[in-house]
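Encoded as structure tokens, the structure appears first; notes follow it.
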Amino acid sequence: MRVVSGIQPTGNLHLGNYLGAIKKWVAMQDQMECLFFLADLHAITVNNDPAELSANTREMAAALIASGVDPEKAILFNQARVPGHAELAWILFCTARIGWLNRMTQFKEKSGKNREGASVGLFAYPVLQAADVLIYGATHVPVGEDQKQHLELARDIATKFNADFDVDLFTLPDPIIEGPATRVMSLRDGAAKMSKSDPSDLSRVNLTDDDDVITKKIKKAKTDPEPLPDNMAELETRPEALNLVSIFAALTGSTTDKVLTQFAGQGFGAFKPALAECTVETLRPIRTRFIELKNDHDQLDALLQKGAEKARAIAAPTLQGAYDALGLLTD
Ligand code: ATP
Ligand code: MG
Numbered sequence: 014m015r016v017v018s019g020i021q022p023t024g025n026l027h028l029g030n031y032l033g034a035i036k037k038w039v040a041m042q043d044q045m046e047c048l049f050f051l052a053d054l055h056a057i058t059v060n061n062d063p064a065e066l067s068a069n070t071r072e073m074a075a076a077l078i079a080s081g082v083d084p085e086k087a088i089l090f091n092q093a094r095v096p097g098h099a100e101l102a103w104i105l106f107c108t109a110r111i112g113w114l115n116r117m118t119q120f121k122e123k124s125g126k127n128r129e130g131a132s133v134g135l136f137a138y139p140v141l142q143a144a145d146v147l148i149y150g151a152t153h154v155p156v157g158e159d160q161k162q163h164l165e166l167a168r169d170i171a172t173k174f175n176a177d178f179d180v181d182l183f184t185l186p187d188p189i190i191e192g193p194a195t196r197v198m199s200l201r202d203g204a205a206k207m208s209k210s211d212p213s214d215l216s217r218v219n220l221t222d223d224d225d226v227i228t229k230k231i232k233k234a235k236t237d238p239e240p241l242p243d244n245m246a247e248l249e250t251r252p253e254a255l256n257l258v259s260i261f262a263a264l265t266g267s268t269t270d271k272v273l274t275q276f277a278g279q280g281f282g283a284f285k286p287a288l289a290e291c292t293v294e295t296l297r298p299i300r301t302r303f304i305e306l307k308n309d310h311d312q313l314d315a316l317l318q319k320g321a322e323k324a325r326a327i328a329a330p331t332l333q334g335a336y337d338a339l340g341l342l343t344d
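Structure below.
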């Protein structure tokens with residue numbers, strides 16, 4: 014089993030990233046071989062400020078380590094230090110079909126009304142994601158619900174390449190999407206996912222928010238006037254309430270059913286302070302460690318370089334296999 018997963022170094026690391034991805038990474042690193050990368054090549058698909066990108070890449074490394082990712086256990090690196098990601102992506106662009114990419118809902122969401130003005134990279138980035146996992150022969154990819162479609166695309170690309178060139182080169186990766194917080198929603202809109210790129214800061218809890226800011230954001234979270242029910246079925250039509258209950262369950266390692274048993278009949282006046290407290294308690298030690306680490310550029314760079322060296326060694330045979338399968342002459 015080999016786990017591969019990435020996160021964009023776009024700043025604003027939030028509770029959705031933590032519960033949907035990072036917390037799971039931390040649990041997995043003890044059980045199997047893991048490669049975790051900062052997706053800096055993905056970050057340049059939208060407007061990019063070079064100084065900010067370098068700063069965000071180091072910051073994200075610090076945030077991951079502060080959250081419990083251990084570079085001694087997992088291979089932690091940034092994509093740009095492993096050129097094989099971009100090389101394999103080019104090869105896979107020639108396998109993927111335009112019709113497949115046209116069906117990707119994230120592109121539609123992210124490009125919005127500006128489809129014609131979006132970069133080719135933004136359109137094609139699910140193919141780079143396919144390269145990211147296929148190059149390491151990942152068997153499992155822990156992701157939030159929002160990435161499920163892209164992982165299916167990676168499987169389609171792998172299947173087509175293997176069939177087209179009659180090879181058994183690429184392993185089909187399975188997604189790991191489980192637990193109560195696979196899709197943490199915005200605090201302002203129960204129909205939109207919590208996202209780094211949401212212009213409203215009140216929509217998310219950032220990992221860098223202090224205790225007071227976290228408490229204030231949760232108090233201001235959109236809800237309805239009804240008390241909490243005693244069963245999950247009744248939350249189906251109440252997306253904001255469902256979101257807060259799911260966050261509580263994920264933070265406390267409980268289930269949504271148990272949370273409802275505890276809070277049934279109570280209103281948000283009682284529930285929100287309890288939720289704020291467990292959010293604050295979870296994030297405080299992470300924030301403290303993050304602040305200590307983030308300005309130690311030498312240490313962070315050395316860790317990322319070391320991780321990249323290990324990643325390049327694992328990537329090399331698959332990349333060579335792809336060149337060979339295509340009849341490309343290399344040395
Ligand atoms: P952007 O809006 O710029 O795409 P993002 O918030 O989606 O940013 P990513 O870096 O794209 O963050 O995703 C990092 C990881 O976090 C991925 O595994 C993704 O599935 C997961 N993730 C992102 N948002 C959520 C969310 N709201 N709930 C659960 N998991 C999430
Ligand atoms: Mg995303």
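What the sequence shown shows, in this note's numbering, is residues 14 to 344, in sequence order. Glycine included, C-beta positions come from ideal geometry on N, C-alpha and C. These figures come from a predicted structure and were not determined experimentally.
Just verifying my parser: in three-state terms, what is the DSSP assignment at residue 183?
What you label residue 183 is simply residue 170 of the sequence shown in a count that begins at 1. Of the three classes helix, strand and coil, the one that applies to residue 183 here is coil, per DSSP.
Check whether the Cβ of residue 159 sits closer than 7 Å to any heavy atom of the ligand MG, and report yes or no.
Locating residue 159 in the sequence shown gives position 146, counting from the first residue. Distances between the C-beta of residue 159 and the heavy atoms of the ligand MG include at least one below 7 Å.
Taking the continuous alpha helix (DSSP H) assigned at residue 156, which residues delimit it?
By one-based count along the sequence shown, residue 156 stands at place 143. It is not in any alpha helix (DSSP H) - residue 156 carries neither H nor E in the DSSP assignment.
Taking only the alpha-carbon atoms, compute the straight-line gap between residue 128 and residue 121 and give it to the nearest angstrom.
Indexing the sequence shown from 1 puts residue 128 at position 115. Indexing the sequence shown from 1 puts residue 121 at position 108. Near 8 Å, if we compare the C-alpha coordinates of residue 121 and residue 128.
Is it buried or exposed for residue 107, if we count other Cβ within 10 angstroms and need 16 for buried?
Position 94 of the sequence shown, counted from the start, is the residue given in the question as residue 107. An exposed status is given to residue 107, since fewer than 16 other beta-carbon atoms sit within 10 Å of its beta-carbon.
Straight-line Cα distance separating residue 256 from residue 285:
Your numbering for residue 285 matches position 272 in the sequence shown. Your numbering for residue 256 matches position 243 in the sequence shown. Straight-line Cα distance between these residues: approximately 12 Å.
Determine which residues share a DSSP beta bridge with residue 188 and list them.
Along the sequence shown, one-based indexing puts residue 188 at 175. Under the DSSP definition of a beta bridge, residue 188 partners with 154.
Quick check: the region 167–177 against the region 76–91, are at least 3 beta-carbon pairs closer than 8 Å?
Because the criterion of three Cβ pairs below 8 Å is not met, the region 76–91 and the region 167–177 do not touch.
Check: residue 209 C-beta below 7 Å from any heavy atom of the ligand ATP
Here residue 209 refers to the residue found at position 196 when the sequence shown is read from its first residue. With a cut-off of 7 Å, the C-beta of residue 209 is classified as near the ligand ATP, since at least one heavy atom of the ligand falls inside that distance.
I want to check one thing, is the minimum distance from the CB of residue 142 to the heavy atoms of the ligand GDP below 7 Å?
The model on display carries the ligand ATP and the ligand MG but not the ligand GDP.
Per-residue burial, residue 38 [other beta carbons within 10 Å of its own, 16 or more giving buried]:
As a position in the sequence shown, residue 38 is number 25, starting the count at 1. Classification for residue 38: buried.
Classify residue 244 as helix, strand or coil using the three-state DSSP reduction.
Stepping through the sequence shown from its first residue, residue 244 is reached at position 231. Looking at residue 244 - three-state DSSP - the assignment turns out to be coil, as it is neither helix nor strand.
Return the residue from the list 42, 63, 166, 33 that minimises the CA-CA distance to residue 14.
Within the sequence shown, residue 14 is the residue found at index 1, counting from 1. Answer by Cα proximity: 42.
Is the distance from the Cβ of residue 242 to the Cβ of residue 279 below 8 Å?
What you label residue 242 is simply residue 229 of the sequence shown in a count that begins at 1. What you label residue 279 is simply residue 266 of the sequence shown in a count that begins at 1. Not in contact: residue 242 and residue 279 (Cβ atoms no closer than 8 Å).
Touch check for the region 148–165 and the region 185–196: three-plus C-beta pairs under 8 Å?
Touching, yes.
Could you round the C-beta distance between residue 216 and residue 207 to whole angstroms and report it? I think they count as a contact, below 8 Å.
Against the sequence shown, residue 216 aligns to sequence position 203. Against the sequence shown, residue 207 aligns to sequence position 194. About 7 Å separates the Cβ atoms of residue 216 and residue 207, confirming a contact at the 8 Å cut-off.
Please report the residue range of the beta strand (DSSP E) in which residue 88 lies.
On the sequence shown, residue 88 is found 75 positions in, with the first residue counted as 1. Annotation: the continuous beta strand (DSSP E) that includes residue 88 extends over 88–91.
Contact test: residue 263 Cβ vs the ligand ATP heavy atom, cutoff 7 Å
Position 250 of the sequence shown holds residue 263. Within 7 Å of the C-beta of residue 263 there is not a single heavy atom belonging to the ligand ATP.
Can you tell me where the beta strand (DSSP E) holding residue 50 begins and where it ends?
Mapped onto the sequence shown, residue 50 falls at position 37. Looking at the DSSP string, the run of the beta strand (DSSP E) that includes residue 50 is 46–51.
With a CB to CB cut of under 6 Å and the five nearest residues on each side skipped, what residues in its chain are close to residue 235?
The count along the sequence shown starts at 1 and reaches residue 235 at position 222. Hits under 6 Å: 201, 253.
In this structure, how does DSSP classify residue 267 when only helix, strand and coil are distinguished?
The residue labelled residue 267 in the question sits at position 254 within the sequence shown. Of the three classes helix, strand and coil, the one that applies to residue 267 here is coil, per DSSP.
Nearest-angstrom beta carbon gap, residue 148 and residue 332 [assumed within contact, 8 Å]
What you label residue 332 is simply residue 319 of the sequence shown in a count that begins at 1. What you label residue 148 is simply residue 135 of the sequence shown in a count that begins at 1. Right, the Cβ-Cβ distance comes to about 6 Å (below 8 Å), so this counts as a contact.
Cβ pair count under 8 Å reaching 3, the region 45–59 against the region 245–252:
For the pair of segments examined, the region 45–59 was found not to touch the region 245–252: the number of CB pairs separated by less than 8 Å stays below three.
So the beta strand (DSSP E) residue 128 belongs to, where does it begin and stop?
Residue mapping note: residue 128 aligns to position 115 of the sequence shown, counting from 1. Taken as a continuous stretch (DSSP letters only), residue 128 belongs to no beta strand (DSSP E), as it is neither H nor E.
According to DSSP, what are the bridge partners of residue 206?
Walking along the sequence shown from the start, residue 206 turns up at place 193. Answer is 198, bridged to residue 206.
Residues near residue 138 in its chain [Cβ-Cβ closer than 6 Å; skip 5 each side]
Counted from its first residue, the sequence shown places residue 138 at position 125. Excluding residues within five positions, the ones whose Cβ falls inside 6 Å are 55, 58.
Put residue 25 into one of helix, strand or coil per three-state DSSP.
Position 12 of the sequence shown holds residue 25. Judged by DSSP in its simplified three-state form, residue 25 adopts coil rather than helix or strand.
Candidates 109, 132, 126: which alpha carbon is nearest residue 142's?
If you number the sequence shown from 1, residue 142 lands on position 129. Comparing Cα positions, the closest option is 109.
Buried or exposed: which applies to residue 62, given that a residue is buried once 16 or more other Cβ atoms fall within 10 Å of its Cβ?
Counted from its first residue, the sequence shown places residue 62 at position 49. With a threshold of 16 other beta carbon atoms within 10 Å, residue 62 falls short and is exposed.
CB-CB under 7 Å to residue 270, same chain, minus the five flanking residues each way: which ones, in chain order?
Sequence index remark: in the sequence shown, residue 270 carries index 257 (1-based). Taken in chain order, the residues that qualify are 245.
Report the rounded CA-to-CA distance for residue 198 versus residue 340, giving the unit in angstroms.
For the purposes of this step, residue 198 is taken as residue 185 along the sequence shown, with counting starting at 1. For the purposes of this step, residue 340 is taken as residue 327 along the sequence shown, with counting starting at 1. Their backbone Cα atoms lie some 47 Å apart in a straight line.
Pick helix, strand or coil for residue 18, following the three-state DSSP scheme.
Counted from its first residue, the sequence shown places residue 18 at position 5. Here DSSP, grouped into helix, strand and coil, assigns residue 18 to strand.
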